[in-house]
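Per this note's numbering, residue 492 is the first one in the sequence shown, and the count goes up by one each step.
So the structure is just underneath, and the comments pick up after that.
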Amino acid sequence: MIIRLKNSVGKDEADKLGVELKAFVLKQNGSHILVTPNALKEVDSKYAALVDSSIPFADDIQLASKKFINGVREVNLGNNIKVGGTTNNTVVITGPCSVESREQIEQAAQLCVKLGVKILRAGAFKPRTSPYTFQGMGVEGLKLMAEMRDKYGLKIITEIRDSTHLTEIIEYADIIQVGAKAMYDHGILKGCAKSNKPVLLKRGFGSTVQEFVQAAEFILSGGNENVMLCERGIRTFETKTRFTLDLCGVAYLKEYTNLPVILDPSHAIGYAYGVADLTRACMAMGVDGLLVETHPNPAVAKSDASQQLNFEQFTNLYESLKPIAKAVGKNII
Ligand code: PEP
Ligand code: MN
């Protein structure tokens, strides 16, 4: 249950009530709110003098629910790049899977500048399935990303793989990416909650939509309101493609949650041949953002080589999104 306390209730009193009700205590629009387990369906009358209003929930999708905020939260990605709220924006994020060298990441940064894409992506700590493959450049990669931000005025998004480099990621990234394999890592989620930087939370490929949104609740209930959900494909019985992009799940998220929804078709299909068509399908769903992997020479990429678009393919895709965005009332930023 989310209980909004009266404006007159101070922090100490709100905290005391939080302990009594086993609730998270947050401040929102000038008053304190308590987020209790959903088993609580009614506020005891002894608290009546302190309570302004309350919302019961059927499950633990609470802070992320449209029952709490009937709309989409606005998330500011910096430099006035905003998604959600009343913006109607679809933010495009692109760059390689991994940062591999200064030359490679700089070429990607220059592609962004040329097309007007404002957010550069690349992983420096890679959550690889095998220990014998490229694990990322680590902090050196973060520094190269930061260099691109400073040189080209881009915002950078990079992934946190585990809690050992939480501090570095929070320090360097403009947007923190929590990857599919890290979605259940509560150390990471709680660490992100303590930062006020925007977080792109990817759906675990074996997670239900319920579990996915509950992972977002860990960040929201810890005090960070800047959360975006990212659908990147789930594992099904199908083996011809890498994963299956769950657009039904996306429709659910749009209908029932108040968080911006970003789509990542690259990791979903796993093969470059389908990325452009899928991205256009996502655009047609009027989503808040698109994340597409690009590489100056995908054939030699150190990770996810088969799915990355070359710059010509991405440029053609980017141009083709414009009329679709217009048709569904979205602004590509
Ligand atoms: C990535 O974005 O490169 C990545 C590893 O994504 P995911 O966590 O969705 O697999
Ligand atoms: Mn990748």
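The beta carbon of each residue, even a glycine, is placed where N, CA and C say it ideally should be.
What distance in whole Å lies between the Cβ atoms of residue 646 and residue 569, which are believed to be in contact at a cut-off of 8 angstroms?
-> The sequence position of residue 569 within the sequence shown is 78, counting from 1. The sequence position of residue 646 within the sequence shown is 155, counting from 1. Their Cβ separation, rounded to whole angstroms, is 5 angstroms, which keeps residue 569 and residue 646 in contact under 8 angstroms.
Is the Cβ-Cβ distance between residue 773 and residue 754 less than 7 angstroms?
-> The residue labelled residue 773 in the question sits at position 282 within the sequence shown. The residue labelled residue 754 in the question sits at position 263 within the sequence shown. Yes, they are a contact pair.
Does at least one heavy atom of the ligand MN sit under 6 angstroms from the Cβ of residue 588?
-> Your numbering for residue 588 matches position 97 in the sequence shown. Yes - the ligand MN has a heavy atom lying nearer than 6 angstroms to the Cβ of residue 588.
Could you check what DSSP says for residue 553 in three-state terms: helix, strand or coil?
-> Along the sequence shown, one-based indexing puts residue 553 at 62. Residue 553: coil per DSSP, three-state reduction.
Of the residues 523, 544 and 524, which one's Cα is nearest the Cα of residue 533?
-> One-based indexing of the sequence shown puts residue 533 at position 42. Of the candidates 523, 544 and 524, the one whose C-alpha sits nearest the C-alpha of residue 533 is 544.
Could you give the distance in angstroms between the alpha-carbon of residue 605 and the alpha-carbon of residue 525?
-> For this step, residue 605 is matched to residue 114 along the sequence shown. For this step, residue 525 is matched to residue 34 along the sequence shown. Looking at the two C-alpha atoms, the distance is approximately 47 angstroms.
In chain order, which continuous runs of the alpha helix (DSSP H) of length 4 or greater are located wholly inside the segment 708–779?
-> 738–747, 756–760 and 763–775
Please go through the same chain and pick out, in chain order, the residues whose beta-carbon is closer than 8 angstroms to the beta-carbon of residue 822, but skip the five residues on each side of it.
-> Locating residue 822 in the sequence shown gives position 331, where the first residue counts as 1. Closer than 8 angstroms at the Cβ level, and outside the excluded window around residue 822, lie 578, 579, 580, 581 and 816.
heavy atom of the ligand MN below 6 angstroms from residue 795 C-beta = By 1-based counting over the sequence shown, the position of residue 795 is 304. Residue 795 Cβ: within cutoff of the ligand MN.
For the beta strand (DSSP E) holding residue 658, just list the boundary residues, first then last.
-> Residue 658 sits at position 167 when you count from the first residue of the sequence shown. Careful: residue 658 lies outside any beta strand (DSSP E), inside the alpha helix (DSSP H) at 657–663.
How long is the line joining the alpha carbons of residue 762 and residue 586, rounded to whole angstroms?
-> As a working mapping, residue 762 is identified with position 271 in the sequence shown. As a working mapping, residue 586 is identified with position 95 in the sequence shown. Going by the C-alpha atoms only, they are around 16 angstroms apart.
Going by CA-CA distance only, name the one from 824, 509, 539 and 792 that's closest to residue 613.
-> What you label residue 613 is simply residue 122 of the sequence shown in a count that begins at 1. The residue with the shortest Cα to Cα distance from residue 613 is 792.
Beta-carbon contacts of residue 687 that lie in its chain and below 7 angstroms, excluding the five residues immediately before and after = Working through the sequence shown from its first residue, we reach residue 687 at position 196. These residues qualify, in order along the chain: 715 and 717.
Please indicate yes or no: does the CB of residue 759 lie closer than 6 angstroms to some heavy atom of the ligand PEP?
-> In the sequence shown, residue 759 corresponds to position 268, counting from 1. Not so, every heavy atom of the ligand PEP lies at least 6 angstroms from the Cβ.
Coil, strand or helix - residue 562 by DSSP = Counted from its first residue, the sequence shown places residue 562 at position 71. Coil, per DSSP.
Leaving out five residues before and five after residue 740 in sequence, what residues of the same chain have Cβ atoms less than 7 angstroms from its Cβ?
-> The residue given as residue 740 occupies position 249 in the sequence shown. These residues qualify, in order along the chain: 700 and 722.
Around the C-beta of residue 607, are 16 or more other C-beta atoms found within 10 angstroms, so that it is buried, or is it exposed?
-> Mapped onto the sequence shown, residue 607 falls at position 116. Answer is exposed; the Cβ neighbour count stays below 16.
How many Å lie between residue 536 and residue 749 at the Cα?
-> On the sequence shown, position 45 is the one that residue 536 refers to. On the sequence shown, position 258 is the one that residue 749 refers to. Between residue 536 and residue 749, the C-alpha separation is close to 30 angstroms.
Nearest to residue 511 by CA position, among 538, 592 and 617, is which residue?
-> Within the sequence shown, residue 511 is the residue found at index 20, counting from 1. Residue 511 has its Cα closest to that of 538, out of 538, 592 and 617.
Spatial distance of residue 744 from residue 692 (CA atoms) = Looking up residue 744 in the sequence shown gives position 253. Looking up residue 692 in the sequence shown gives position 201. A direct Cα-to-Cα measurement between residue 744 and residue 692 gives close to 13 angstroms.
Does the ligand PEP have even one heavy atom less than 6 angstroms from the beta-carbon of residue 530?
-> Counting from 1 along the sequence shown, the entry for residue 530 is found at position 39. False, no ligand heavy atom lies under 6 angstroms from that Cβ.
Residue closest to residue 807, alpha-carbon to alpha-carbon, out of 797, 783 and 702 | Here the question's residue 807 lines up with position 316 in the sequence shown. Considering only alpha carbons, the answer is 783.
Only counting runs of 3 or more residues, tell me where the beta strand (DSSP E) segments fall wholly within the segment 618–663, in order along the chain.
-> 646–651, all fully within the segment 618–663.
Return the CA-CA distance between residue 824 and residue 583, expressed in angstroms with no decimal places.
-> The residue you call residue 824 lines up with position 333 of the sequence shown. The residue you call residue 583 lines up with position 92 of the sequence shown. Straight-line Cα distance between these residues: approximately 6 angstroms.
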